[in-house]
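Report on the following structure.
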């Protein structure tokens, strides 16, 4: 199987950065206009108790919020341009490997490594600046890692919705091709041939994109779970007299892994299984953004190793209580050597 080709659209990145810049300028001009009109009102245009309350609200909340929004948009422009520069540099470093002799590979690799760390540091600094600008209007009880996890969760939700749109399109294509097979009969099998053609089209064109989105979402939610401590190590005495060490995967990571597994089930056409899995993930994402639990609760996948070297895995809720007991009649633990 050939590798997926990933290429950055630099013109589009320039356009996105330009939009961020123009919107930041628009917000800045709006802030200045409001300030001037507010000052005109203060000079006698509107007086009284209500006017004073209005002035205080504008000066204390609205105008500072507009200033922070303009700053965040400017930061977004800088980050977008830095992402473009990082992709360009990575492509140049990769291209430099071709046409070099084997003795030059080490030099290029070292150069690429040094060039990689610097942009990452800059991106991290820009991200921290954006979070600092936005966090002043958010929940002050959240720590910086939790804020980052929140942002990662929002980006992952966008990726999940995009993946759902792609897989739904694939399902429609499969049904449409089956309908075309019925409308224009073929000697070999009518709708079956059409449906197979739709499946092949999805697997060739759309499915690689959907898979990449799923893996990107997995990396984001896995990072978020680590930042919030939802993914961690625990020691438990699951078996009598044996202390086990468990890698506890957070609920978001667990669900993302499950959706990837369900989406690649060979028993059903992949577009349909992808659509079902992505729909469940999007529902879960929306519930989590609302600070609500999905109807099935929050599951954690626990991968453990006993003191004598045996491995196992099990599924629990956030309190460590088994979740599959209602299905199997007891708390199942799947062991393997």
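In the working numbering, the protein residues as written are 1 to 337. Even for Gly, the Cβ is constructed at its ideal location relative to N, Cα and C. These numbers come from a predicted model, not from an experiment.
Work out the CA separation of residue j and residue i for me, nearest whole Å.
i           : j           : result
residue 76  : residue 66  : 15 Å
residue 152 : residue 146 : 10 Å
residue 236 : residue 310 : 14 Å
residue 262 : residue 275 : 10 Å
residue 222 : residue 250 : 8 Å
residue 208 : residue 228 : 30 Å
residue 374 : residue 79  : In the structure displayed, the chain extends from 1 to 337; residue 374 sits before or after that span and is not available.
residue 41  : residue 217 : 50 Å
residue 171 : residue 202 : 8 Å
residue 248 : residue 306 : 14 Å
residue 273 : residue 294 : 20 Å
residue 12  : residue 84  : 10 Å
residue 21  : residue 35  : 21 Å
residue 114 : residue 155 : Low local confidence applies: a pLDDT of 36 at residue 114 is under 50, so the model's placement there is unreliable, and no value is given.
residue 174 : residue 196 : 8 Å
residue 219 : residue 315 : 21 Å
residue 55  : residue 39  : 9 Å
residue 373 : residue 149 : No statement about residue 373 is possible, as the shown extent of the chain runs from 1 to 337 and does not include it.
residue 112 : residue 74  : In this prediction, residue 112 scores a pLDDT of 39, lower than 50, which makes its location untrustworthy; no coordinate-derived value is stated.
residue 259 : residue 253 : 10 Å
residue 215 : residue 283 : 18 Å
residue 81  : residue 226 : 28 Å
Quick check on residue i: does DSSP put it in helix, strand or coil?
i           : result
residue 201 : helix
residue 290 : coil
residue 232 : strand
residue 153 : helix
residue 280 : helix
residue 60  : helix
residue 238 : strand
residue 297 : coil
Per DSSP, which residues does residue i bridge with? Please list them.
i           : result
residue 322 : 316
residue 177 : In DSSP, residue 177 forms no bridge with anything.
residue 303 : 247, 313
When burial is assigned at 16 or more other CB atoms within 10 Å of the CB, is residue i buried or exposed?
i           : result
residue 270 : buried
residue 15  : exposed
residue 288 : buried
residue 285 : buried
residue 304 : buried
residue 308 : exposed
residue 319 : exposed
residue 291 : exposed
residue 244 : buried
residue 166 : buried
residue 300 : buried
residue 50  : exposed
residue 59  : exposed
residue 210 : buried
residue 200 : exposed
residue 176 : exposed
Terminal residues of the continuous alpha helix (DSSP H) containing residue i?
i           : result
residue 213 : 207–228
Beta strand (DSSP E) containing residue i: first to last residue?
i           : result
residue 245 : 242–249
residue 42  : Here residue 42 belongs to no beta strand (DSSP E), and DSSP marks it neither H nor E.
residue 47  : Element bounds for residue 47: n/a, residue is neither H nor E.
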